[in-house]
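Q:
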Amino acid sequence: MTTRRAIIQSAGAAVALAQFGARAQSRFNLAIIGFQMSSETHARVANAAEAAAKGKGWSAQVLNSKGEMPTHIAQFDTLIQNKVDAIIVAMGKPVEAEAQFKKAKDAGIPVVTVMSGSSPHAAFDIAVNEYSVGARAAIYLMDQLGYRGNILTQRFEGNTATRIRGKVLDAVLSENAAVKQVGTHTMARTASWRDDVRAGMSALLLRNQGTVDGIWASFDGQAYIIDDLLQQTAGAARGKPALVSVDGGPETYRRIADPKSFLQATVAIPFERMGTEAIHVVERIAIRKEAPGAINAGPYIYMPSELVDKTNVAQYLKK
Amino acid sequence: MKNFAIRYGTFVASCLLFVALAIAAPNFLSTGNLTNIVKHITFLAVLALGFSIALTTAELDLSFANVCSVASVSVGWLIHNDYPVWLAVGTGLTVGLAAGLLNGVLVTVLKIPSLIATLATASIANGFAFMITQGVAFVGAWNPSFLWIGRGTIGGIPTLVLWLTILMAAAFFLLKFTVTGLRMLSVGQAAEAARLAGISVPRMKLLGLTISGLAAGIAAVLMTSNLASAAPNSAGDFMLMSIAAVLLGMTMFEPGRPNVPGTLCGALTIGILGNGLVLLGAQYYMQDIALGVLMVASVAVSSTFLKRAALSV
Numbered sequence: 000m001t002t003r004r005a006i007i008q009s010a011g012a013a014v015a016l017a018q019f020g021a022r023a024q025s026r027f028n029l030a031i032i033g034f035q036m037s038s039e040t041h042a043r044v045a046n047a048a049e050a051a052a053k054g055k056g057w058s059a060q061v062l063n064s065k066g067e068m069p070t071h072i073a074q075f076d077t078l079i080q081n082k083v084d085a086i087i088v089a090m091g092k093p094v095e096a097e098a099q100f101k102k103a104k105d106a107g108i109p110v111v112t113v114m115s116g117s118s119p120h121a122a123f124d125i126a127v128n129e130y131s132v133g134a135r136a137a138i139y140l141m142d143q144l145g146y147r148g149n150i151l152t153q154r155f156e157g158n159t160a161t162r163i164r165g166k167v168l169d170a171v172l173s174e175n176a177a178v179k180q181v182g183t184h185t186m187a188r189t190a191s192w193r194d195d196v197r198a199g200m201s202a203l204l205l206r207n208q209g210t211v212d213g214i215w216a217s218f219d220g221q222a223y224i225i226d227d228l229l230q231q232t233a234g235a236a237r238g239k240p241a242l243v244s245v246d247g248g249p250e251t252y253r254r255i256a257d258p259k260s261f262l263q264a265t266v267a268i269p270f271e272r273m274g275t276e277a278i279h280v281v282e283r284i285a286i287r288k289e290a291p292g293a294i295n296a297g298p299y300i301y302m303p304s305e306l307v308d309k310t311n312v313a314q315y316l317k318k
Numbered sequence: 000m001k002n003f004a005i006r007y008g009t010f011v012a013s014c015l016l017f018v019a020l021a022i023a024a025p026n027f028l029s030t031g032n033l034t035n036i037v038k039h040i041t042f043l044a045v046l047a048l049g050f051s052i053a054l055t056t057a058e059l060d061l062s063f064a065n066v067c068s069v070a071s072v073s074v075g076w077l078i079h080n081d082y083p084v085w086l087a088v089g090t091g092l093t094v095g096l097a098a099g100l101l102n103g104v105l106v107t108v109l110k111i112p113s114l115i116a117t118l119a120t121a122s123i124a125n126g127f128a129f130m131i132t133q134g135v136a137f138v139g140a141w142n143p144s145f146l147w148i149g150r151g152t153i154g155g156i157p158t159l160v161l162w163l164t165i166l167m168a169a170a171f172f173l174l175k176f177t178v179t180g181l182r183m184l185s186v187g188q189a190a191e192a193a194r195l196a197g198i199s200v201p202r203m204k205l206l207g208l209t210i211s212g213l214a215a216g217i218a219a220v221l222m223t224s225n226l227a228s229a230a231p232n233s234a235g236d237f238m239l240m241s242i243a244a245v246l247l248g249m250t251m252f253e254p255g256r257p258n259v260p261g262t263l264c265g266a267l268t269i270g271i272l273g274n275g276l277v278l279l280g281a282q283y284y285m286q287d288i289a290l291g292v293l294m295v296a297s298v299a300v301s302s303t304f305l306k307r308a309a310l311s312v
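For the protein sequence lines, the chains are A and B, in the order given. Using numbering that gives the first Met the number 0, you'd call the opening residue of the first sequence number 0 and step up by one each time. Using numbering that gives the first Met the number 0, you'd call the opening residue of the second sequence number 0 and step up by one each time.
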């Protein structure tokens, strides 16, 4: 039985695969690489780009580099071999993968990145001005504290954007000496980062019980964990400590509007708009054949960010 | 026929997968793509090789991915601080070797189960990797001589392919044609019998774990040189993939036992599957599902044959 049936089944599978492959070849072929799809922000960009591409009738393949450079590079190489029409990279590593970016450019495949940093081999990077984002979050926290008091910070140095936000906070703190950073925790792990943040901030909150006026988190995912910890702490009252972070999203807005939550504000980064903007740019370059110089003067296409707090969160909850 | 199916069933299935992708996936058979597959599975195969040698002595090394990462950032730090290439490479290998030796001592001298000892080493390695980098990867300009190790070619053949061939051949020779290799196999299959035969069981286990660490160091040097970057978690994804490659390998050639040709074929199968699915336009989640299905199917088919063979004895 087995040999003949196995051959027939294998042939059937090969035909199905061939049909699948042929279908994928017939339209404008876009590949979207999310560097770490388990990160909500990476997934939001990739998913928005995929939806926008499919809305245009394109074939859109989403790949997940799982936060690993070897995987990222292997995927790039394979896509170049596959002669895709364009590549969008969400939160990629153009410096580390410079050889692959160059290969894509040499192969005539336009690459548009989102929040990845500039590369001479990519058309554009769609980004927000992280220095400005960091300043808005830091200044908002200072405003809430009246420019005096004790703060805790939850940092992440492994990502360019969160690192910049932390450095800008340090600059703001250096000019406001009455605000003291009494404790800081830097997220070290990536796969189990939630547990890392929970453990680190629990210890800091315990050590500084009752003396903390504000908490700064480098991104909203960290803020959720800190907010939950604070809500579980007996005696904690809304407003103190004031919790501020960056990113935005439905869960963040829900918490800002929730009277029980300590999360007071975020700087909303339009990840979905970035994904759709990347599609728009790919269309102009790869289909309308517009010169990059006609689209934007520099390597960055900046998108607007907005501070969201209780005064304007209602309009975000409606979206 | 039954014996053939037991020994070569997974191998034949892998070959059928190759043929199916060759028919279905555009550009799959191009020289460039095939070279890419072999290049990209090199790190996976070298790490899996180390894991399989430790497993040969019936010990688990769960630290190899983190050891590879810390060795990689050690190399990166030295190169970026303008130390000579030989020193950076030597340090990478030494870090791997030392971690493997530490695992061996913890298991054989302190009698800590390898599962726990190597997890502890993994945690220590992870801490050191972040301590060296502060979370920021080493990127930018690299010494061209260093980059040649992982990016060069000899007679048109990528150096990575040559390193992989040399390492696989050396491991195969060690396990098949040396007294030490045969002793390691004996310890893995029946430790008590090996002890009664006069073989030093702790020494063989120490050797197995040390080689696994060294393999992580070698993979680190090759990976850092090929990627021209060194991040504190650069080899994290290889943990499960390498174990998967070894498990797949244990279903072929010498069923139920870790073996060098099987490990290489396991790594190749994973590489071919991942590459082929990308070429076919499959979404990212399909790749994880397909890999899981492949592993379950391979092991299920082989274990069915093994059970039948056992019953027929």
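We put the CB at the ideal spot given by N, CA and C, even for glycine. Model, not experiment: these values are computed from the prediction.
#1: Give, in chain order, every residue of the region 253–267 of chain B whose Cβ lies closer than 8 Å to some Cβ of chain A.
#2: Just to confirm before moving on: does the CB-CB distance between T210(A) and V243(A) stay below 8 Å?
#3: Determine the DSSP secondary structure at H120(A), reduced to helix, strand or coil.
#4: Which residues of the region 12–33 of chain B have a Cβ closer than 8 Å to any Cβ of chain A? Give them in chain order.
#5: DSSP has I150(A) in a bridge; who is on the other side?
#6: Assuming A229(B) contacts G75(B) under a Cβ cut-off of 8 Å, what Cβ separation, rounded to an integer in Å, is found between them?
#7: Who are the neighbours of K65(A) on chain B, taking C-beta pairs under 7 Å?
#8: Is the CB of H79(B) under 8 Å away from at least one CB in chain A?
#9: Would you report the Cα separation of K288(A) and N102(B), rounded to the nearest angstrom?
#10: Could you check what DSSP says for T70(A) in three-state terms: helix, strand or coil?
#11: Using a cut-off of 7 Å between C-beta atoms, extract the partners of T112(A) located in chain B.
#12: Between the region 40–63 of chain B and chain A, which residues of the former have a C-beta closer than 7 Å to a C-beta of the latter?
#13: Whose CA, out of L293(B), T223(B), I153(B) and P231(B), lies closest to the CA of V69(B)?
#14: Please identify the residue among W162(B), I78(B), P157(B) and V37(B) whose C-alpha is closest to the C-alpha of A140(B).
#15: Cα-Cα, which of D142(A), A160(A) and A285(A) is closest to I214(A)?
#16: Please report how far the alpha carbon of P257(B) lies from the alpha carbon of M251(B), in whole angstroms.
#17: Out of curiosity, what's the CA-to-CA distance linking M90(A) and K65(A)?
#18: Kindly list the residues whose CB is nearer than 7 Å to the CB of T55(B), restricted to its own chain and excluding five residues on each side of it in sequence; keep chain order.
#19: Does DSSP put S58(A) in a helix, in a strand, or in coil?
#20: Can you tell which of A4(B), A98(B), I271(B) and T90(B) has its C-alpha closest to the C-alpha of V66(B)?
#21: Along chain B, in chain order, which residues have C-beta atoms closer than 7 Å to that of I72(A)?
#22: Measuring only the C-alpha atoms, how far is I225(A) from D194(A)?
#23: Give every residue of the same chain whose Cβ lies closer than 8 Å to the Cβ of A21(A), excluding the five residues on either side of it in the sequence, and list them in chain order.
#24: Listing by chain order, which chain B residues have their CB less than 9 Å from the CB of N46(A)?
#25: Name the two residues that bound the continuous alpha helix (DSSP H) containing A267(A).
#26: Can you name the residues of chain A whose CB is closer than 8 Å to the CB of S233(B)?
#27: DSSP three-state label for T2(A), please.
#28: Are the C-beta of E129(A) and some C-beta of chain B separated by less than 8 Å?
#29: Only counting the same chain, and skipping five residues up and downstream in sequence, which positions put a Cβ closer than 6 Å to that of N128(A)?
#30: If G148(A) sits next to V178(A), beta carbons under 8 Å apart, how far is it from one beta carbon to the other, in whole angstroms?
#31: Chain B beta carbons: is any one of them nearer than 8 Å to that of E39(A)?
#32: Per DSSP, N28(A) is paired with what?
#33: According to the Cβ coordinates, are I72(A) and I31(A) closer than 8 Å?
#34: Under the rule that 16 or more other beta-carbon atoms within 10 Å means buried, what is M294(B), buried or exposed?
#35: Would you mind sorting M114(A) into buried or exposed? The rule is 16 or more other CB atoms within 10 Å of its CB.
#36: Establish whether the CB of N274(B) and some CB of chain A are separated by less than 8 Å.
A: Working from what's here:
#1: Cβ contacts with chain A: none found.
#2: no
#3: Assigned with DSSP and collapsed to three states, H120(A) falls in coil, not helix or strand.
#4: L15, V18, A19, L20, I22, A23, A24, P25, N26, S29, G31 and N32
#5: Q180(A) and G213(A)
#6: 3 Å
#7: For a Cβ distance threshold of 7 Å, residue set D236 of chain B lies close to K65(A), ordered along the chain.
#8: no
#9: 58 Å
#10: helix
#11: Result: empty, since nearest Cβ-Cβ is about 15 Å, beyond 7 Å.
#12: F42
#13: P231(B)
#14: I78(B)
#15: D142(A)
#16: 9 Å
#17: 12 Å
#18: L174, M183, L184, G187, G207 and P257
#19: strand
#20: A98(B)
#21: L226
#22: 11 Å
#23: Here A21(A) scores only 49 on pLDDT, less than 50, and its place in the model is too uncertain to base an answer on.
#24: Around N46(A), no beta-carbon contact reaches into chain B at under 9 Å, the shortest distance being about 11 Å.
#25: Where A267(A) is concerned, there is no enclosing alpha helix (DSSP H), although the beta strand (DSSP E) it sits in stretches over L262 to A267.
#26: E67, M68 and P69
#27: For T2(A), the predicted model reports a pLDDT of 48, less than 50, meaning its position is unreliable; a value from the coordinates is still stated below. DSSP places T2(A) in helix when its eight states are reduced to three.
#28: no
#29: Y301
#30: 6 Å
#31: no
#32: According to DSSP, N28(A) bridges with S58(A).
#33: no
#34: buried
#35: buried
#36: Yes, contact with chain A.
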